[in-house]
Amino acid sequence: MYGYMGKILRVDLHSGRTKTENLNEEVLKKFVGGVGLAAKIIYDEVKPETSPFDPENKLVFMTGPLTGTLIPCTGRYVVCAKSPLTNAWGESHSSGFWARELKRAGFDGIIIEGKSEKPAYLVISDEEAIIENAGDLWGMDCFRTEETLKKRLGEDFKVACIGPAGERLVRFASILNDEGRVAGRCGLGAVMGSKLLKAIAVKGTKEIPVKDPERIRNILRRIYPQIMSFPTTQIFASYGTSGELLMLHYGYGDVPIKNFTMGKWKSIENISGENYNKVMVRGKRACWNCPISCWRYVKIEEGPFAGLELKRGPEYESLASLGSLLLNDRLDVIVKANHLCNYYGMDTISTGVCIAFAMECYEKGIITSQEADDLSLRWGDPEAVIRLIEAIGERRGLGNILAEGVKRASELIGKGSERFAMHVKGLEIPMHDPRAFKGMGLQYAVSNRGACHLQGLIHRIEQGERMPDLKIYERLNRFEVKDKGKVLATLQNWHEVLESLIICKFLGIAPGHIPGLYTLTTSIPVTLDHLLQAGERVYNLKRMFNVRCGISREDDVLPHRIMHEKLEEGESAGQIISREELNMMLDEYYAVRGWSKDGVPPVEKIE
4 MYGYMGKILR
14 VDLHSGRTKT
24 ENLNEEVLKK
34 FVGGVGLAAK
44 IIYDEVKPET
54 SPFDPENKLV
64 FMTGPLTGTL
74 IPCTGRYVVC
84 AKSPLTNAWG
94 ESHSSGFWAR
104 ELKRAGFDGI
114 IIEGKSEKPA
124 YLVISDEEAI
134 IENAGDLWGM
144 DCFRTEETLK
154 KRLGEDFKVA
164 CIGPAGERLV
174 RFASILNDEG
184 RVAGRCGLGA
194 VMGSKLLKAI
204 AVKGTKEIPV
214 KDPERIRNIL
224 RRIYPQIMSF
234 PTTQIFASYG
244 TSGELLMLHY
254 GYGDVPIKNF
264 TMGKWKSIEN
274 ISGENYNKVM
284 VRGKRACWNC
294 PISCWRYVKI
304 EEGPFAGLEL
314 KRGPEYESLA
324 SLGSLLLNDR
334 LDVIVKANHL
344 CNYYGMDTIS
354 TGVCIAFAME
364 CYEKGIITSQ
374 EADDLSLRWG
384 DPEAVIRLIE
394 AIGERRGLGN
404 ILAEGVKRAS
414 ELIGKGSERF
424 AMHVKGLEIP
434 MHDPRAFKGM
444 GLQYAVSNRG
454 ACHLQGLIHR
464 IEQGERMPDL
474 KIYERLNRFE
484 VKDKGKVLAT
494 LQNWHEVLES
504 LIICKFLGIA
514 PGHIPGLYTL
524 TTSIPVTLDH
534 LLQAGERVYN
544 LKRMFNVRCG
554 ISREDDVLPH
564 RIMHEKLEEG
574 ESAGQIISRE
584 ELNMMLDEYY
594 AVRGWSKDGV
604 PPVEKIE
């Protein structure tokens with residue numbers, strides 16, 4: 004077997020037993036690996052009545068057949084489980100070096116089941132796995148946990164861990180690896196915490212088998228100039244993803260401001276990628292085998308947080324969620340807030356959305372300063388931002404309510420606050436205003452994990468990108484609904500392929516090159532159509548899991564604000580996505596997918 008290591012590690016935390024299982028080659032032909040294989044495992048093994056924090060929920064870490072190979076941007080893993088935010092399909096992705104090390108240790112993935120009787124961590128080294136006592140690690144922040152385990156086990160170990168937020172079951176807790184790479188979305192750090200699993204440390208010395216490395220090198224030499232000349236690749240290489248803020252998004256009215264109520268902001272340039280790189284950035288780093296290097300090493304030189312250094316500073320989503328969304332134009336506060344989120348182990352998108360929600364509640368008189376732990380939750384107030392993050396991470400006072408996620412927090416607070424709780428299916432919406440790109444609105448509504456900007460990236464087509472290999476030849480009008488369902492379904496199928504292989508979406512490589520690279524890696528002959536069929540199968544399997552969990556057309560909806568409130572200024576002023584428009588896009592999308600009018604796939608779609 005090439006590309007794959009051929010083994011999955013199954014860990015029963017309750018019994019303390021581990022066992023190795025061989026990959027099923029017939030399953031791989033249908034689901035490829037990565038998120039596809041994780042979806043198959045969870046669909047088969049997690050019952051719909053299982054609650055996210057039940058021991059019976061499975062936490063699945065998975066690499067793909069391209070992970071850790073000489074193909075660029077393949078240092079990623081996916082982690083999946085039933086999500087505590089949506090009570091349905093949950094997945095999150097991270098990069099760095101941990102994934103490659105897991106494969107070099109002899110495993111394509113890990114299935115975590117059961118719940119430990121006491122805090123534990125898992126050590127994996129060259130096909131051996133040991134469950135250790137994590138009593139002394141429990142309560143540590145993410146950075147200290149990684150540092151402690153590296154000193155204990157060896158600097159060559161790679162560590163994925165949770166922080167205090169995961170231990171306290173903050174519903175949007177994250178999993179950190181490699182000093183600040185984050186699997187942030189869907190609260191899977193809380194699932195890990197519910198199992199009393201603090202960390203997974205991996206080290207390996209095995210070679211990842213590749214069928215024809217020399218021919219792969221020849222292809223990469225030929226297409227490398229195309230990859231590096233791709234427009235977004237150039238932006239990310241120069242500025243990191245922060246470069247998107249002004250260069251790609253603000254000019255469309257896409258950057259959310261003041262909890263999605265404003266289309267323009269006079270202070271936007273203060274948090275732009277250009278200013279961020281000028282004022283804060285002191286260097287850049289890369290994940291495994293990545294020519295782009297979008298990590299940014301940052302240091303605060305002055306002010307109350309002077310001296311704080313981060314090996315991985317905030318990216319676009321964090322600059323917006325902890326900046327413009329809160330009317331916070333201070334880069335030092337954003338960097339400090341980002342650091343605290345990683346310290347506690349919390350998703351920066353969900354954290355920012357919850358803080359924006361609290362500030363709007365305060366502005367509207369729904370909650371008082373006394374109810375907010377004597378904080379004045381004024382928009383842009385640095386103290387309010389920092390102290391609320393600490394309160395959420397420690398589940399204190401108002402922070403304990405916000406730690407439930409914005410959907411549950413709005414239900415607990417009530418008083419009409421549900422109208423500005425920005426989520427889909429319970430997952431806080433990312434930092435792209437769907438009123439700027441109606442295709443993105445459809446993508447948010449139907450994405451299997453809840454509001455997700457990554458599972459399709461249809462806004463790039465609405466900005467003018469073409470993908471002829473996928474038969475996408477024309478720019479989509481961003482304010483129209485026609486053809487959005489058809490194009491989105493194609494893009495989602497393709498992105499399931501990328502997340503099953505696993506390869507970073509920032510790599511500007513044409514889809515037509517991927518089948519050959521996969522075949523030269525694994526020796527398995529495939530065509531682009533074959534891979535797209537596998538991607539469609541994976542997407543439908545996730546939807547079927549969600550249907551079993553009670554998800555239907557009624558849940559494929561957008562926040563009230565997006566459907567009813569127009570922005571008064573900016574490049575998307577006057578726009579909403581009405582119920583009629585959303586229904587038109589859903590009808591087209593369901594028809595293209597071959598689903599029922601209620602959004603249910605037929606069984607043959609997953610066979």
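In our numbering, the protein residues as written are 4 to 610. Idealized CB from N, CA, C, for every residue including glycine. Keep in mind it's a predicted model, so treat the numbers as computed, not measured.
Within the same chain, and ignoring the five residues on either side of P122 in sequence, the residues whose Cβ sits closer than 6 Å to its Cβ are A137, G138, W141, L199, K201.
Rounded to the nearest whole angstrom, the CA to CA distance from A42 to R299 is 32 Å. Inter-residue distance for V595 and T371 is about 48 Å (C-alpha atoms, whole angstroms).
Under the criterion of beta carbons closer than 8 Å, N221 and T77 do not qualify as touching, at roughly 18 Å.
Sequence-distant partners of R147 (beyond 5 residues in either direction) whose C-beta falls short of 8 Å from its own C-beta are missing from its chain. K367 and T264 have their C-alpha atoms some 14 Å from each other. Nearest C-alpha to V35 among S526, A576, R556, Y592: S526. For I134, the beta-bridge partners assigned by DSSP are L125. When C-beta atoms of the stretch 355 to 366 are compared with those of the stretch 380 to 393, three or more pairs fall below 8 Å, so the two segments count as touching. Of the candidates M547, F509, R13, T244, R13 places its Cα closest to the Cα of G117.
Under the DSSP assignment, F64 falls in the beta strand (DSSP E) whose first and last residues are 62 to 65.
For the set M470, L152, Y46, S413, the Cα lying nearest the Cα of V550 is the one of Y46.
With respect to the 9 Å criterion, L343 and L191 are not classified as neighbours on the basis of their beta carbons.
Here G192 carries a helix assignment [DSSP, helix/strand/coil].
Distance from the CA atom of M588 to the CA atom of N262, rounded to whole angstroms, is 25 Å. The straight-line gap separating the alpha-carbon atoms of L378 and P433 is approximately 26 Å.
Taking a contact as a CB-CB distance under 8 Å, the pair G429 and Y592 does not count as one, their CB atoms being some 21 Å apart. Each residue's CA atom was taken as its position, placing N60 and K106 some 24 Å apart. Within the DSSP bridge table, the entry for G519 names no partner. Around P51, the same chain offers R551, C552 as residues with beta carbons nearer than 6 Å, after the five sequence neighbours per side are excluded. Straight-line spacing of the CA atoms in L88 and G254 works out to 32 Å.
Restricting attention to G207, T21, I226, the CA atom closest to the CA of I517 is found in I226.
In this structure, C189 keeps its C-beta atom at 9 Å or more from the C-beta atom of C164. By the Cβ test, the stretch 72 to 86 is not in contact with the stretch 411 to 424, since fewer than three Cβ pairs between them sit closer than 8 Å. For A102, there is no enclosing beta strand (DSSP E); the enclosing alpha helix (DSSP H) covers residues 101 to 107. Counting C-beta pairs closer than 8 Å gives three or more between the stretch 487 to 501 and the stretch 438 to 446, which meets the contact rule. Taking a 10 Å sphere around the C-beta of Q229, we find fewer than 16 other C-beta atoms and assign the residue as exposed. For V82, the enclosing beta strand (DSSP E) begins and ends at 80 to 85. Here the alpha carbon of K85 sits roughly 13 Å from the alpha carbon of I115.
Ranked by how close their Cα comes to the Cα of F110, the residues M143, Y5, L73, A193 have Y5 in first place.
The beta carbon of G183 is closer than 6 Å to those of K314, R315, N345 in its chain, skipping five residues each way along the sequence. The residue from I203, G71, A454, G93 with its alpha-carbon nearest to that of T524 is G71. In the structure shown, E366 falls within a helical segment according to DSSP collapsed to helix, strand and coil. Taken atom to atom, the span from the alpha-carbon of G19 to that of K153 is near 23 Å.
Within the same chain, A513, P514, G515, L531 come within 7 Å of D472 by CB-CB distance, once the 5 residues on both sides are set aside. The Cβ-Cβ distance between P75 and L223 falls below 9 Å.
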